[in-house]
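Read the structure below first, then the notes.
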Amino acid sequence: MTSFLLRGLPLAGGAVLAALFVLVQPPTARSYHTGAPPAFDGFQDNCTACHIGADANSGDGGIEIVAPETYVPGEPVEITVRVTNTTTPDPNGVGSRTGFEVGVRDGAGTPVGSFDLGGATTMRLANNGSADWVTHTADGLGQSEWTFSWVPPASGAPPAVTIYAAGNAANGNQIPSGDLIYTATDDLTLATAAETTPEDDGLRLGPLAPSPVRARAGLTLTLPEPATVVARLVDARGRTVRQLPASARPAGDSRVEVDAFGLAPGLYFLVVEAPMGRRTASVVVSR
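One point on numbering: in numbering that gives the first Met the number 0, the residue at position 255 of the sequence shown is 254, and numbering is uninterrupted.
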């Protein structure tokens with residue numbers, strides 16, 4: 000009877016059975032070679048949900064988070080994630096591959112701030128452009144270290160946040176078995192007034208004028224010695240909206256120009272970096 004029923008199924012029914020078979024299959028490792036899905040940073044979920052066969056942190060590799068101990072509202076924080084991949088490569092695979100995902104959350108587990116990837120092609124935002132998580136891309140699978148910036152909110156910053164990171168030390172067989180997953184956390188606390196006072200490194204930013212900005216504005220940059228300076232304008236979510244080319248500056252005063260033409264009204268930050276330090280100035284754009 001069973002044999003007769005199977006032979007008698009119309010084509011549409013066979014298609015339905017095939018679709019059901021596909022739906023119940025677990026996602027393959029290759030499904031996420033372009034990046035992990037959102038919220039798999041190790042807070043509750045991690046990559047063992049898809050990469051099956053071993054518990055998280057059961058291998059002899061690991062994942063490391065390199066970040067400062069404190070943060071200042073609105074000022075970018077550099078974060079480096081390193082994954083140690085000791086997983087034995089599959090002899091029939093494509094070689095060892097490494098991936099990651101990072102999120103920053105408050106005490107309630109809510110994502111905080113945003114990420115600035117600086118235009119890198121080896122990582123991307125994990126949620127279709129939402130800046131709550133960072134993950135690898137296909138171009139980044141061959142490396143084991145990624146560096147990016149987390150930008151805390153300029154106002155309403157929590158007293159402490161936690162960086163959550165999950166790393167995939169993959170064996171390169173392109174299926175979700177044989178890979179080892181590692182997780183780690185690192186805490187950042189809101190800097191006190193004393194901690195936010197810049198060191199006396201001689202790097203200074205003068206007041207921006209005119210302010211608010213409608214088209215162009217400028218400020219005075221003071222350097223203790225000649226140096227190459229890089230500057231960029233970021234929005235309140237930490238996304239770079241203007242990148243000023245690197246320029247060689249003399250010791251003493253020089254002018255930094257800000258072009259706000261075409262930007263939406265709101266709060267932005269001018270981030271100026273030189274070998275001796277980094278400074279940030281608020282930029283209010285109006286129309």
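Glycine included, every Cβ here is placed at the ideal spot set by N, Cα and C.
Rounded Cβ spacing between R278 and L204 (contact assumed at less than 8 Å): The residue given as residue 278 occupies position 279 in the sequence shown. The residue given as residue 204 occupies position 205 in the sequence shown. 5 Å between Cβ atoms; contact.
Just the Cα atoms here: how many angstroms apart are G98 and N172? Translated into positions along the sequence shown, residue 98 becomes position 99. Translated into positions along the sequence shown, residue 172 becomes position 173. In a straight line, the C-alpha of G98 is about 14 Å away from that of N172.
Under a three-way DSSP split, which group does V250 fall into? Looking up residue 250 in the sequence shown gives position 251. According to the sequence as given, residue 250 is Ala; it is not Val. Looking at A250 - three-state DSSP - the assignment turns out to be coil, as it is neither helix nor strand.
Taking its Cβ as the centre, do 16 or more other Cβ atoms sit within 10 Å of N84, making it buried, or is it exposed? Counting from one through the sequence shown, the residue named residue 84 turns up at place 85. Flag for N84 reads buried.
Going by other Cβ atoms of all chains shown within 10 Å of its Cβ, with 16 needed for buried, is N167 buried or exposed? Within the sequence shown, the letter at position 168 stands for residue 167. The residue is buried, with at least 16 neighbouring Cβ atoms inside 10 Å.
Hey, how far is the Cα of G141 from the Cα of V93? Taking the first residue of the sequence shown as 1, we reach residue 141 at position 142. Taking the first residue of the sequence shown as 1, we reach residue 93 at position 94. Taken atom to atom, the span from the alpha-carbon of G141 to that of V93 is near 11 Å.
Looking at C-alpha atoms only, which residue of L207, L232, V212 is the closest neighbour of L220? To locate residue 220, count along the sequence shown from 1; it is residue 221. Minimum Cα-Cα distance from L220 among the listed residues L207, L232, V212 corresponds to L207.
Taking buried to mean at least 16 other C-beta atoms within 10 Å of its own C-beta, is R254 buried or exposed? For the purposes of this step, residue 254 is taken as the residue at position 255 of the sequence shown. With fewer than 16 Cβ atoms within 10 Å of its Cβ, R254 is classed as exposed.
Is P26 helix, strand or coil when you go by DSSP? Walking along the sequence shown from the start, residue 26 turns up at place 27. Confidence is the limiting factor: at P26 the pLDDT is only 45, short of 50, which leaves the residue's position unreliable and the question unanswerable from this model.
Thinking P152 and P72 are a contact (beta carbons under 8 Å), I'd like their distance in whole angstroms, please. Here residue 152 is taken as the residue at index 153 of the sequence shown, counted from 1. Here residue 72 is taken as the residue at index 73 of the sequence shown, counted from 1. Confirmed, about 6 Å.
Rank W145, E256, T120, A125 by C-alpha distance to the C-alpha of A137 and give the top, closest one. Numbered from 1 along the sequence shown, position 138 holds the residue referred to as residue 137. Residue T120 is the option with its Cα nearest to A137.
CA-to-CA distance, V65 to A28, given in whole angstroms: Sequence index remark: in the sequence shown, residue 28 carries index 29 (1-based). Sequence index remark: in the sequence shown, residue 65 carries index 66 (1-based). In this prediction, A28 scores a pLDDT of 42, lower than 50, which makes its location untrustworthy; no coordinate-derived value is stated.
Are V101 and V80 touching if we call contact CB-CB under 8 Å? Numbered from its first residue, the sequence shown carries residue 101 at position 102. Numbered from its first residue, the sequence shown carries residue 80 at position 81. Yes.
On the DSSP bridge assignment, give the partners of M122 in chain order. Mapped onto the sequence shown, residue 122 falls at position 123. M122 is bridged to H135.
S143 by DSSP, collapsed to three states: which one? The residue you call residue 143 lines up with position 144 of the sequence shown. Reduced to three states, the DSSP call for S143 is coil.
What are the boundary residues of the beta strand (DSSP E) that includes D185? As a working mapping, residue 185 is identified with position 186 in the sequence shown. 179–189 is the span of the beta strand (DSSP E), which, as asked, contains D185.
Does the distance from the CB of I62 to the CB of A183 come in under 8 Å? If you number the sequence shown from 1, residue 62 lands on position 63. If you number the sequence shown from 1, residue 183 lands on position 184. Their beta carbons are under 8 Å apart, which means I62 touches A183 by this criterion.
Please look up how many angstroms separate the CB atoms of A165 and F260, rounded, as I've assumed it's under 8 Å. Within the sequence shown, the letter at position 166 stands for residue 165. Within the sequence shown, the letter at position 261 stands for residue 260. That belief does not hold up - the Cβ atoms of A165 and F260 are roughly 41 Å apart, past 8 Å.
Going by beta-carbon coordinates alone, are G276 and D200 separated by less than 8 Å? Locating residue 276 in the sequence shown gives position 277, counting from the first residue. Locating residue 200 in the sequence shown gives position 201, counting from the first residue. Yes, the Cβ-Cβ distance between G276 and D200 is below 8 Å.
Please state whether DSSP places D258 in a helix, a strand or coil. To locate residue 258, count along the sequence shown from 1; it is residue 259. Correct three-state label for D258: strand.
Might you give, ordered along the chain, the residues of its own chain that have their beta carbon closer than 8 Å to the beta carbon of N56, omitting 5 neighbours on each side? On the sequence shown, position 57 is the one that residue 56 refers to. Excluding positions up to five away in sequence, the list reads I180, Y181, T182.
Quick one: what does DSSP say V71 is sitting in, helix, strand or coil? What you label residue 71 is simply residue 72 of the sequence shown in a count that begins at 1. It is coil, neither helix nor strand.
Please state if the CB of R213 and the CB of R286 are separated by a distance shorter than 8 Å. To locate residue 286, count along the sequence shown from 1; it is residue 287. To locate residue 213, count along the sequence shown from 1; it is residue 214. Contact flag set, yes.
What number of angstroms, rounded off, separates the C-alpha of L124 from the C-alpha of L218? In the sequence shown, the residue the question calls residue 124 occupies position 125. In the sequence shown, the residue the question calls residue 218 occupies position 219. So the two alpha carbons sit approximately 32 Å from each other.
Tell me which residues share the same chain as Q43 and place their Cβ nearer than 8 Å to its Cβ, disregarding the 5 neighbours each side in the sequence. Position 44 of the sequence shown, counting from 1, holds the residue named residue 43. Result list for Q43: G108, in chain order.
Inspect the beta-carbon positions of V160 and F147 and report whether they are closer than 8 Å. Along the sequence shown, one-based indexing puts residue 160 at 161. Along the sequence shown, one-based indexing puts residue 147 at 148. Not in contact: V160 and F147 (Cβ atoms no closer than 8 Å).
Inter-residue CB distance, A273 and L232 (contact presumed, cutoff 8 Å): Indexing the sequence shown from 1 puts residue 273 at position 274. Indexing the sequence shown from 1 puts residue 232 at position 233. The Cβ separation is near 17 Å, so there is no contact.
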